[in-house]
Every structure is written in C-alpha cells, then in structure tokens.
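If you read the sequence shown in numbering that gives the first Met the number 0, its first letter stands for residue 0, the second for the next number, and so on. We put the CB at the ideal spot given by N, CA and C, even for glycine. Since the model is a prediction, treat every value here as computed from it, not as a measurement.
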Amino acid sequence: MNITLLGAGNMATAFAQQLHAAGHRLNILGRDPGKTRALAERFGATSEPSRAASSDIVILATGYGDAIGALRQAALPDGTVVVDITNPLTPDYMGLTLGHSTSAAEQIAGALPRLRVVKAFNTVFAQRLAAGPRVTDTQVVPVFVAADDDHARQRVSDLARSMGFEVIDAGPLRNARYLEPLAGLNIYLGYGAGLGTSIAPTWLRQA
Numbered sequence: 000m001n002i003t004l005l006g007a008g009n010m011a012t013a014f015a016q017q018l019h020a021a022g023h024r025l026n027i028l029g030r031d032p033g034k035t036r037a038l039a040e041r042f043g044a045t046s047e048p049s050r051a052a053s054s055d056i057v058i059l060a061t062g063y064g065d066a067i068g069a070l071r072q073a074a075l076p077d078g079t080v081v082v083d084i085t086n087p088l089t090p091d092y093m094g095l096t097l098g099h100s101t102s103a104a105e106q107i108a109g110a111l112p113r114l115r116v117v118k119a120f121n122t123v124f125a126q127r128l129a130a131g132p133r134v135t136d137t138q139v140v141p142v143f144v145a146a147d148d149d150h151a152r153q154r155v156s157d158l159a160r161s162m163g164f165e166v167i168d169a170g171p172l173r174n175a176r177y178l179e180p181l182a183g184l185n186i187y188l189g190y191g192a193g194l195g196t197s198i199a200p201t202w203l204r205q206a
C-alpha cells in the first residue's frame with residue numbers, strides 16, 4: 000500500500016520501520032523538516048505533501064492536540080482512510096482530558112467528517128511497535144480497530160496484519176471511548192507501575 004505518515008516522532012519512526020519491513024511505500028510529513036527528511040531517507044521514503052492525497056491510508060502519528068491541524072494541513076481528499084493512534088492525555092500522561100461521552104477519535108471525525116477515521120494502534124507503545132508484533136513464539140501483540148466505515152476498518156485491519164499484528168475488531172468508532180482509557184491504563188502500568196514499554200493489552204479467548 001501507499002502509506003503517508005503524519006509525524007516524525009517516536010511512533011512515526013516505529014511505524015516507518017515496520018511498514019518498510021512489510022514492503023509498503025512510505026511518504027512522511029512532519030513539522031521539523033530536518034527530522035522528517037532524515038527519517039524518510041532512513042527508510043527510503045518520500046517526503047512530499049502532494050503525495051498524501053493519493054495515499055491508500057494516512058496514519059496520524061501526532062499528539063492529539065496537533066491532530067486536527069495536521070490533517071487540515073495535509074488537505075486530504077474526501078473519503079481518505081485515516082488511522083487515529085492518538086490518546087487525549089494530560090500533560091503528565093497519567094490521565095485523559097476526554098472520556099465517557101466522547102473520544103479523541105470522535106472529536107477528530109467530527110471536525111473532519113469527510114475523512115474516514117479509524118481508531119487503531121493507540122494501545123501499542125512506540126517501543127513495542129518498533130520491536131515488532133511477536134512477544135514470544137505464541138504471543139502476538141493485538142491491534143484493536145474501531146470504525147464506522149466497514150471498508151476503512153477492513154483496510155486498516157489488512158495493514159495491521161501485513162505487519163504481523165493480530166487484529167481485534169472493536170466495533171464502531173464510539174468504542175474509542177473504551178480504547179483510549181485502555182491505553183491510559185497501559186501507560187500507567189508501563190510507566191507508573193514500572194512494567195516497562197514492552198507490554199500491551201490483549202483479550203483472551205477460549206478455543
């Protein structure tokens with residue numbers, strides 16, 4: 000697939016690594032020209048704003064506060080599939096600024112209704128993403144995928160599977176109200192409780 004990453008930070012770097020390894024074609028756009036150019040060169044990617052419009056999927060790898068502005072600046076055409084990986088975190092990362100009645104994903108979708116927003120990868124640390132999907136021979140990191148558009152959900156699920164991740168269908172986009180607090184708990188366990196950034200939440204199912 001043709002993938003555009005919006006952002007050049009830790010999550011964007013981890014995505015670039017895994018997407019490149021999976022054989023996808025990358026275009027990377029970020030606020031810092033030097034950092035963005037270096038990341039693009041590292042993974043053989045382009046860094047051309049005009050190419051975002053022809054991307055199969057755009058991954059929003061910014062903080063929540065920068066998300067809507069970054070998408071508006073990208074000037075994406077109607078119907079573009081956008082993966083929202085953001086969490087509406089407080090400055091100390093130990094709480095959420097939204098919840099219960101809405102979510103970051105719903106706020107983004109409401110501000111840009113012509114885009115097809117998919118919540119995914121928000122429960123995966125950048126370090127875990129960079130390390131890859133397999134924890135042990137039998138354990139694979141899951142990606143929860145929530146969206147109102149079935150086609151968009153399927154495209155993002157296919158992308159996650161192409162990188163080797165397990166996919167858990169999390170239903171409509173409003174279920175981001177549950178996924179974002181789940182990410183908050185994961186952040187607390189990783190940093191507050193000292194479990195580290197190799198952890199990831201999952202759901203157990205009896206065969």
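C-alpha gap between D77 and A192, whole angstroms | Position 78 of the sequence shown, counting from 1, holds the residue named residue 77. Position 193 of the sequence shown, counting from 1, holds the residue named residue 192. In a straight line, the C-alpha of D77 is about 43 Å away from that of A192.
Would you mind giving the Cβ-Cβ distance between T61 and G109, rounded to the nearest angstrom? I have them listed as a contact below 8 Å.
-> Indexing the sequence shown from 1 puts residue 61 at position 62. Indexing the sequence shown from 1 puts residue 109 at position 110. 17 Å between Cβ atoms; not a contact.
Anyone know if the C-beta pair for D55 and M10 falls short of 8 Å?
-> If you number the sequence shown from 1, residue 55 lands on position 56. If you number the sequence shown from 1, residue 10 lands on position 11. Cβ distance not < 8 Å, so D55 and M10 don't count as in contact.
Check whether the segment 141 to 151 touches the segment 161 to 174, taking contact to mean three or more Cβ pairs, one atom from each stretch, closer than 8 Å.
-> Yes: the two stretches touch, three or more of their Cβ pairs being nearer than 8 Å.
Presumed contact (8 Å Cβ cut-off) between N86 and A103, rounded CB distance | As a first step, residue 86 must be located in the sequence shown, where it is residue number 87. As a first step, residue 103 must be located in the sequence shown, where it is residue number 104. Going by Cβ atoms, the distance from N86 to A103 rounds to 6 Å, so yes, they are a contact pair.
In three-state DSSP terms, what is N1?
-> Taking the first residue of the sequence shown as position 1, residue 1 is located at position 2. In the structure shown, N1 sits in a strand (DSSP, three-state: E or B).
For P87, name the three-state secondary structure that DSSP assigns.
-> As a working note, residue 87 is residue 88 in the sequence shown. Coil, per DSSP.
DSSP three-state call for T196: helix, strand or coil?
-> To locate residue 196, count along the sequence shown from 1; it is residue 197. Note: T196 maps to coil in three-state DSSP.
Apart from the five residues on each side of it in sequence, which residues of its chain come closer than 6 Å, Cβ to Cβ, to R24?
-> Position 25 of the sequence shown, counted from the first residue, corresponds to residue 24. Cβ neighbours of R24 beyond the five flanking positions: N1.
Contacting residues, own chain, Cβ-Cβ under 8 Å from G94 (five flanking each side not counted) | For this step, residue 94 is matched to residue 95 along the sequence shown. Closer than 8 Å at Cβ, skipping near neighbours: L88, G183.
R133 - DSSP class collapsed to helix/strand/coil = Taking the first residue of the sequence shown as 1, we reach residue 133 at position 134. Here R133 sits in strand by DSSP.
Where DSSP assigns a beta bridge to F143, which residues make up the other side?
-> Taking the first residue of the sequence shown as 1, we reach residue 143 at position 144. BP columns for F143 point to I167.
May I ask you to report which of helix, strand or coil DSSP gives N26?
-> On the sequence shown, residue 26 is found 27 positions in, with the first residue counted as 1. Three-state DSSP puts N26 in a strand.
As assigned by DSSP and simplified to three states, the class of L38 = Taking the first residue of the sequence shown as 1, we reach residue 38 at position 39. Reduced to three states, the DSSP call for L38 is helix.
Helix or strand or just coil, what does DSSP make of V155?
-> Translated into the one-based positions of the sequence shown, residue 155 becomes position 156. In the structure shown, V155 sits in a helix (DSSP, three-state: H, G or I).
Using 10 angstroms around the beta-carbon of Q17, count the other beta-carbons present and answer buried if the total reaches 16, otherwise exposed.
-> As a first step, residue 17 must be located in the sequence shown, where it is residue number 18. Burial call: buried.
By the 10 Å Cβ neighbour count, where 16 or more other Cβ atoms means buried, how is T122 classified, buried or exposed?
-> For this step, residue 122 is matched to residue 123 along the sequence shown. Buried, because 16 or more other Cβ atoms sit within 10 Å of the Cβ of T122.
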